[in-house]
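Undergrad:
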Amino acid sequence: MDIDTPEFMEYFLDFSVAVTGFSRFDLQGTGQVSLYFSTIRGIIGDQIFGELLQTFHDLDRKAKRENNQSVLTDGISFEILVSGKLGPIARNIIKLWYTAIWYQLPSPWQEKFGARQNDITFIVSPYAYPEGLLWPAIGVNPPGAKAPGYGTWSEPPSVKLS
Amino acid sequence: MTIKSVDCQTVSKTFYDAVIVGSGVAGAIVAKQLSEQGKNVLILEAGTSRDLTLAGFQSYVETFYGAIAKHANSPYPLNLNALSPTDGLNSYFEEKGPMPLSGSYTRVTGGTTMHWQGTTLRMLPDDFKLRSKYGQGLDWPIEYTDLMPYYRKAEYEIGVSGNTKEQKELDIPFLPGYVFPMKELPPSYLDEQIREKIDGTTFDLDKETIKLKLSSFPQGRNSVPNPDYALYHGDVFVPSGVTSENPLEYGERCQGNASCVPICPVQAKYDARRTLGTIAFPDRVHLLSQAVASRVEIDPENGRVTAIHYKHYKDKNSPQYTIGTAKGRLFVLAANAIENAKLMLASELLSTSGLIGNNMMDHPFILTWALMPQVIGTMRGPLVTSGIGTFRKGKFRKQQSAFGIAIENSGWGWSGTGATDVLRDAVNRNRYGKDLRQELIDRISRQLLLAFMCELPADYSNRVTIDPQYKDRLGNYRPVIHFNISDYCKKTMADARKVSREIFKRLKAEDYTHYKNSDPAYFEYEGEGYWYRGGNHFSGTHVMGTSKHNSVVNKNLRSWDYENLYLVGSGSMPSIGTANTTLTIAALSFLASEQMLKDLNT
Chain E
783 MDIDTPEFME YFLDFSVAVT GFSRFDLQGT GQVSLYFSTI RGIIGDQIFG
833 ELLQTFHDLD RKAKRENNQS VLTDGISFEI LVSGKLGPIA RNIIKLWYTA
883 IWYQLPSPWQ EKFGARQNDI TFIVSPYAYP EGLLWPAIGV NPPGAKAPGY
933 GTWSEPPSVK LS
Chain B
232 MTIKSVDCQT VSKTFYDAVI VGSGVAGAIV AKQLSEQGKN VLILEAGTSR
282 DLTLAGFQSY VETFYGAIAK HANSPYPLNL NALSPTDGLN SYFEEKGPMP
332 LSGSYTRVTG GTTMHWQGTT LRMLPDDFKL RSKYGQGLDW PIEYTDLMPY
382 YRKAEYEIGV SGNTKEQKEL DIPFLPGYVF PMKELPPSYL DEQIREKIDG
432 TTFDLDKETI KLKLSSFPQG RNSVPNPDYA LYHGDVFVPS GVTSENPLEY
482 GERCQGNASC VPICPVQAKY DARRTLGTIA FPDRVHLLSQ AVASRVEIDP
532 ENGRVTAIHY KHYKDKNSPQ YTIGTAKGRL FVLAANAIEN AKLMLASELL
582 STSGLIGNNM MDHPFILTWA LMPQVIGTMR GPLVTSGIGT FRKGKFRKQQ
632 SAFGIAIENS GWGWSGTGAT DVLRDAVNRN RYGKDLRQEL IDRISRQLLL
682 AFMCELPADY SNRVTIDPQY KDRLGNYRPV IHFNISDYCK KTMADARKVS
732 REIFKRLKAE DYTHYKNSDP AYFEYEGEGY WYRGGNHFSG THVMGTSKHN
782 SVVNKNLRSW DYENLYLVGS GSMPSIGTAN TTLTIAALSF LASEQMLKDL
832 NT
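One line per chain: the protein sequences are E and B, in this order.
Counting in the working numbering, the final residue of the first sequence is number 944, and the numbers go up one at a time with none missing.
Counting in the working numbering, the final residue of the second sequence is number 833, and the numbers go up one at a time with none missing.
(1) Buried or exposed for E:Ala897, going by 16 or more other Cβ atoms inside 10 Å?
(2) What are the start and end residues of the beta strand (DSSP E) that includes B:Gln678?
(3) When Cβ atoms are compared, which residues of the stretch 666-700 of chain B fall closer than 9 angstroms to chain E?
(4) Helix, strand or coil: which one does DSSP assign to B:Leu361?
(5) Name the DSSP bridge partner or partners of B:Gly618?
(6) For B:Arg515 and B:Lys573, what's the separation of their Cα atoms in angstroms?
(7) Going along the chain, which residues of its own chain have a beta-carbon closer than 6 angstroms to the beta-carbon of B:Asn715, five neighbours each way excluded?
(8) First and last residue of the alpha helix (DSSP H) that includes B:Phe596?
(9) Need the endpoints of the beta strand (DSSP E) that B:Tyr753 sits in, please.
(10) Would you list the residues sitting across from B:Pro329 in a DSSP beta bridge?
(11) What is the residue span of the alpha helix (DSSP H) that E:Pro889 lies within?
(12) Tell me whether B:Leu738 counts as near the ligand NAP, meaning its Cβ is closer than 6 angstroms to at least one heavy atom of that ligand.
(13) In chain order, what residues of the stretch 273-303 of chain B put their CB closer than 8 angstroms to some CB of chain E?
(14) Across the stretch 550-568 of chain B and the stretch 272-280 of chain B, are there enough close Cβ pairs to call them in contact, namely three or more that are closer than 8 angstroms?
(15) Hey, how far is the Cα of B:Ser254 from the Cα of B:Gly342?
(16) Any C-beta of chain E sitting closer than 7 angstroms to the C-beta of B:Pro847?
(17) Name the DSSP bridge partner or partners of B:Phe434?
(18) When you compare only the Cα positions, how much space is there between B:Met724 and B:Ile638?
(19) CA-CA distance, B:Arg750 and E:Thr802?
(20) If you drop the 5 nearest sequence neighbours on each side, which residues of the same chain put their C-beta closer than 6 angstroms to that of B:Arg281?
(21) When the Cα atoms are used, what is the spatial distance from B:Ser266 to B:Thr651?
(22) Which residue's Cα is closest to the Cα of B:Arg426: B:Pro404, B:Lys444, B:Ala313 and B:Leu436?
(23) Under 7 angstroms, do E:Pro939 and B:Gly608 count as touching if we go by C-beta distance?
(24) Taking CB distances under 7 angstroms as the criterion, tell me whether E:Val920 reaches chain B.
(25) Can you round the beta-carbon distance between B:Arg560 and B:Asn785 to whole angstroms, since I take them to be within the 8 angstroms contact cut?
(26) Could you tell me how far apart the beta carbons of B:Arg677 and B:Val606 are, in whole angstroms, since I believe they sit closer than 8 angstroms?
(27) For B:Lys558, collect the residues of the same chain with a Cβ closer than 6 angstroms to its Cβ; drop the 5 residues on either side in sequence, then sort them by chain order.
(28) Between E:Leu878 and chain B, is any beta-carbon pair separated by less than 7 angstroms?
(29) Does the beta carbon of E:Ala929 come closer than 7 angstroms to any beta carbon on chain B?
(30) Three-state secondary structure (DSSP) at E:Pro788?
(31) Please classify E:Glu913 as buried or exposed, where buried requires at least 16 neighbouring CB atoms within 10 angstroms.
(32) Taking Cβ to Cβ, would you say E:Asp796 is nearer than 7 angstroms to E:Asp842?
(33) May I ask you to report which of helix, strand or coil DSSP gives E:Ile1009?
(34) Just to confirm the assignment: which complete beta strand (DSSP E) runs, minimum length 3, are found wholly within the stretch 494-550 of chain B?
(35) Mind checking the stretch 490-523 of chain B against chain E and listing, in chain order, the residues whose C-beta falls within less than 7 angstroms of any C-beta there?
(36) In terms of alpha-carbon separation, which member of B:Lys626, B:Thr344, B:Pro306 and B:Gly487 lies closest to B:Ile441?
See the structure below:
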């Protein structure tokens, strides 16, 4: 499968919006989209990455066609996240967006689908770290970056329980 | 203008007034004090010195960003020629038990102030009389009042923000009218939530009723200069900032980066480079970095120190080194309590008292954690802004140790469940999208962690020793550690847990504290299990005292056995109470410098 086409980058963004809970605007604002895309691709290869994105895209299209959001949410849960092949990749992508860390894939996955040479736990780039979504998700700055300013810690938190 | 970085050749050709081992807060203050009185000094630093430039410091920040585990030494690159112990992550300490000491220090220019949290509590007057008043540990040969003027110098040098009124409530005397150079940092939102429910409530400890009261932590972090300081000092305090640039132009207030340990990216937190960077006559101070002191040379004829032998490496990634010697009139070991003791033992220095390396102390911490009923904005601001100091004193100290409570703004990270761990756990349970975001708020933004810093009095058998079996890559000794926690301290740790239960109950917080029995620092006391975490406040390994039979140094920190040798740092402290050690280290460095100047001028 060749995923070196603009559509797959779009699928990747759509998928990322769905699994992270952040908007396209937020994700693009991190400046990390293409770095993450190429990192994931470089580790697991086009075949499985493409399969994940295609699976997502098909679900997304179907949900829109049927005007039924649960097609997508059920699909993400039961066709992607519980899948032995796609689940670990999808979870890794969420973690990557939130922490800038790629976590080494679990050994059952490696045994079944083949160990990858670049599949080690690492921070994708030092300047990806401050772009992690974990921090805005909980209404704080990434520790050591994007400081909010003197005394801001006295103000009520910006996030709420639903 | 910065101090002069020199090479081995320059050092070998120079006879210094003083040779200082270590460029941390103690060594830096001594260098500043001596050089400003016309003395030429050399600082030998085991680690690298790239942080003396702004670009070098920024590279530390970048290393921190790129580190997966953001531990206390994560900004400082691994250096096998001068390893920094890091909470058991490397095998620098050879721990012989029965309990682990753990903890960390940093071997780079600026020393451990590069990663310190910045808390600058003074010790209490009672802390200096632990033996005579409470029958525990050791007394100091000086009293709180003797140290008062030096505390003020230290607070100026470090640039302390705090509130003297609150500290006075703990019976800490201050000069009338004296205030800290800067006002206290604003309390966190979390502090206020706790204050509302806790202030004024009581807890019964050993038949004594202790009133709980929040107070701000004095800290070496820029806030707003206090105009009243001018009444004491003559001028308003001007905070300094980025070392190696014009500090007056870049002095910045704390920006709430929330990463005080291990690095403050805007340099609003004091570190010893600031002292090195503000030396009035920098030409008089030579710095030789990448030079690990390996032996103190003694003239057998007159029993005076004649030189420090060091191993100098050009490349931290290579074990190649050359040997050099640094000569002078006076010698100052300022390499921290463990490294000082190790160097003296390695040099087979005479010790009439036999106390080199013994009486090693630390502050073990008991951590307790809970989820507040409401979102409190965890992980914002300096790591700690307030605490409860009212357990720092009391008659109970005859039976059990005193303790201070810090309210951690940073959540559960120290207990082992940081924000990243929560995220991984939630994602592994297939949470995603908006649900994931809600779960993160629910499980992180309500996190409360209380850290109970417990006093551990001097105990002869807690010690650092050396053994030829355990050496590092340059052939220098690694510290061999024997450490245990006494029942005097364990009783307090158990009570600290009870205090936390009471506090959590009053806050209606859900208690999640759990001490796994597989933890290396796990112990049981009266049927209940706990673990502790090391406090990095290593001290006592060359205590000061009243005679050469009961101590290693005199009240001016001069060795009893070698008259031109000074041992500065927390190793000289006979007790550490419930105060983080850096401020007292700085005060003692000012005190010792006065005596050094007298010695040098006679």
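Even glycine gets a Cβ: it sits at the ideal position worked out from N, Cα and C.
TA: Inspection of the coordinates gives the following:
(1) exposed
(2) Gln678 to Cys685
(3) Asp666, Leu667, Arg668, Gln669, Leu671, Ile672, Asp673, Ile675, Ser676 and Arg677
(4) B:Leu361 falls in the helix class under three-state DSSP.
(5) Looking at the DSSP assignment, B:Gly618 forms a beta bridge with B:Ser446 and B:Ala637.
(6) 29 angstroms
(7) Pro329 and Met330
(8) B:Phe596 -> not in any alpha helix (DSSP H); beta strand (DSSP E) instead, spanning Phe596 to Leu602.
(9) Tyr753 to Tyr756
(10) BP columns for B:Pro329 point to B:Phe714.
(11) The residue asked about is misnamed: residue 889 of chain E is Ser in this sequence, not Pro. Boundaries of the alpha helix (DSSP H) around E:Ser889: Ser889 to Phe895.
(12) Among the components modelled here there is no ligand, and therefore nothing to report on the ligand NAP.
(13) Cβ contacts with chain E: Val292, Glu293, Thr294, Phe295, Tyr296, Gly297, Ala298, Ile299 and Lys301.
(14) yes
(15) 6 angstroms
(16) Outside the modelled stretch of chain B, which goes from 232 to 833, sits residue 847 of chain B, for which no answer is possible.
(17) B:Ile441.
(18) C-alpha separation (whole angstroms): 16 angstroms.
(19) Residue identity check: residue 750 of chain B is Asp in the sequence provided, not Arg. Going from the Cα of B:Asp750 to the Cα of E:Thr802 covers about 34 angstroms.
(20) Gly287
(21) 47 angstroms
(22) Of the listed residues, the one whose Cα sits closest to B:Arg426 is B:Lys444.
(23) yes
(24) Checking the sequence shown, residue 920 of chain E turns out to be Ile, not Val. It does; some Cβ of chain B falls within 7 angstroms.
(25) Actually they are not in contact, since the Cβ atoms of B:Arg560 and B:Asn785 sit about 18 angstroms apart, beyond 8 angstroms.
(26) B:Val606 and B:Arg677 do touch by the CB rule: their CB atoms are close to 6 angstroms apart, below 8 angstroms.
(27) Phe246 and Ala538
(28) no
(29) yes
(30) Note: E:Pro788 maps to helix in three-state DSSP.
(31) Burial call: buried.
(32) yes
(33) Because chain E is modelled from 783 through 944, residue 1009 of chain E falls outside the range shown and cannot be assessed.
(34) For secondary structure counted as the beta strand (DSSP E) over 3 or more consecutive residues, the stretch 494-550 of chain B holds these complete runs in sequence order: 516-519, 522-530 and 535-543.
(35) Ser490, Ile494, Pro496 and Val497
(36) B:Lys626
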